[in-house]
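> Below is one structure. I have some questions about it.
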Amino acid sequence: MEVARSIAEMRAIVKDWRKSDQRVSLVPTMGALHEGHLSLVHKGKERTDKSIVSIFVNPAQFAPHEDFNTYPREEERDFAALRHANVDLVYAPDVKEIYPENHHTKVEVQGISQLLEGQFRPQFFIGVATVVAKLLVQVMPDVALFGEKDYQQLCVIRAMARDLDIPVDVLGGETIRESDGLAMSSRNAYLTNAERTLAPRLYQEITAIAEQVSAGADIDQVCAAASKGLSESGFKAIDYIVVKDADTLEDPTPGRPMRVLAAAWLGRTRLIDNIAVPA
Ligand code: AMP
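This is the structure in structure tokens:
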């Protein structure tokens, strides 16, 4: 497994692969890797000859009061996991490589970025779209993989790649969960033991909503009941627990696919999760 710290080093390696027409996949991550990240790596490896994982904790997607400084950084452990997964190249640039002092460009996908997460983290998707656009232009992969765990992010990135005519297949990967249903996340490390016991309740509530809505229940009623259930069980604040159109994330319209999406706080940890409403 090779490790590149600069754009130039990474490009030299990819250029060499391209000489023999090898196809390349990229999985962008912020490190602190778990099975969710690795499932994207495996999916990429099934589709391409060479596999790249980027590790970059992107300051542009953290608000000043958020956890940029405390976000888990475990490079040696991550490299070992990626070696074990037979990744060909880890691209781990530092902040100055991605955002030199003369960097002034931001990428904003209007509309969908302002919904849901955008209401609570107004700069978040600008930071995400900017760094992912840069990574895609730097690496020029054939395939880039993102988790459904961050469903709105996947929608934003698909729109960004389409609008900027970036020639890449954006593929989603299913959410990988702990055995009790909690969606794997690097931020789960913040949970206390008591919070970790409570955490799967979020998945239980969105699963219940999906089943009931699929059976014809009133959306507002089931979402209100789920929100009440979460609050009573010890979740501190429910940012949203909603059912939306699976493509636009706007209010659902009859006959179109739907998605349940939720974000809620347990102590100082913000959990997000989502699930499809069965057709
Ligand atoms: P992150 O390192 O949290 O920025 O995540 C990097 C990529 O892994 C993103 O595309 C995430 O959506 C994806 N991801 C994170 N958690 C999971 C999970 N539990 N299952 C599948 N993909 C995930």
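Numbering follows our numbering, with no gaps: position 208 of the sequence shown is 197.
Backbone N, C-alpha and C fix where the C-beta goes; we use that ideal spot for every residue, glycine too.
Being a predicted model, the structure only gives us computed values, none of them experimental.
My assumption, with CB atoms under 8 Å, is that Ala253 sits in contact with Glu106. Please give the rounded CB distance.
Their Cβ separation, rounded to whole angstroms, is 13 Å, which puts Ala253 and Glu106 out of contact at 8 Å.
> State yes or no: is the C-beta of Lys32 within less than 9 Å of the C-beta of Gln11?
No, the pair does not count as a contact, with Cβ atoms beyond the cut-off.
> Just curious, the beta strand (DSSP E) that Met247 is in, first and last residue?
Unbroken beta strand (DSSP E) run through Met247: Met247 to Leu255.
> Rounded to the nearest angstrom, what separates Ile195 and Ala(-3) at their Cα positions?
Distance between the alpha carbons of Ile195 and Ala(-3): 44 Å.
> Can you round the beta-carbon distance between Leu326 and Gly136 to whole angstroms, since I take them to be within the 8 Å contact cut?
No information on residue 326 is available, as it lies outside the stretch -10 to 268 that the chain covers here.
> Relative to the C-alpha of Arg7, which residue among Tyr140, Pro53, Arg72 and Met129 is closest?
Of the listed residues, the one whose Cα sits closest to Arg7 is Met129.
> Strictly by DSSP, which residues pair up with Leu15?
According to DSSP, Leu15 bridges with Ile41 and Ala133.
> Our contact map puts Val46 next to Gly20 with C-beta atoms below 8 Å; I'd like the distance itself, whole angstroms only.
Confirmed, about 7 Å.
> With DSSP collapsed to three states, give me the class of Tyr88.
In the structure shown, Tyr88 sits in coil (DSSP, three-state: anything other than H, G, I, E or B).
> Cutting at 7 Å between CB atoms, please list the residues of its own chain near Gln193, excluding the five before and the five after it.
Hits under 7 Å: Gly170.
> Report yes or no: do the stretch 171 to 189 and the stretch 236 to 253 share at least 3 C-beta pairs separated by less than 8 Å?
Cβ pair count under 8 Å is below three, so no.
> Less than 9 Å between the C-beta atoms of Met173 and Val79, yes or no?
No. Outside cutoff.
> Expressed to the nearest angstrom, what Euclidean distance is found between the alpha-carbon atoms of Phe224 and Leu255?
Taking the straight line from one Cα to the other gives about 5 Å.
> Could you give the first and the last residue of the continuous beta strand (DSSP E) run that contains Ile261?
Its beta strand (DSSP E) spans residues Thr258 to Ala265.
> Using a Cβ-Cβ cut-off of 9 Å, state whether Gly223 counts as contacting chain D.
In summary, chain D is missing from the structure at hand, where a single protein chain is found.
> For Gly162, does the count of other Cβ atoms within 10 angstroms reach 16, so buried, or fall short, so exposed?
Under this definition Gly162 is a buried residue.
> Pick helix, strand or coil for Arg110, following the three-state DSSP scheme.
Three-state DSSP puts Arg110 in coil, outside helix and strand.
> Taking 8 Å as the cut-off, is the CB of Gln112 close to at least one heavy atom of ligand 1?
Outside the cutoff, so no.
> With DSSP collapsed to three states, give me the class of Val159.
In this structure, Val159 counts as strand in the three-state DSSP scheme.
> So Leu124 and Val157 are in contact, right, with Cβ under 8 Å, and what is the actual spacing, rounded?
With 8 Å as the limit, Leu124 and Val157 do not qualify as a contact, their Cβ atoms being about 10 Å apart.
> Using the C-alpha atoms, what's the distance from Tyr140 back to Gln99?
Those two C-alpha atoms are separated by around 16 Å.
> CA-CA distance, Pro246 and Asp5?
Each residue's Cα considered, the two are about 43 Å apart.
> Using CA coordinates, which residue listed in Gln142, Gly205 and Thr258 is at the minimum distance from Val121?
Checking every option, the nearest Cα to that of Val121 belongs to Gln142.
> Report the option in Thr258, Ala197, Ala204 and Pro243 whose CA atom is closest to the CA atom of Ile230.
Out of Thr258, Ala197, Ala204 and Pro243, Ala197 has the C-alpha closest to the C-alpha of Ile230.
> Exposed or buried, what is Gln108 when buried is set at 16 or more other beta-carbons lying within 10 Å of its beta-carbon?
Gln108 is exposed by the Cβ-count criterion.
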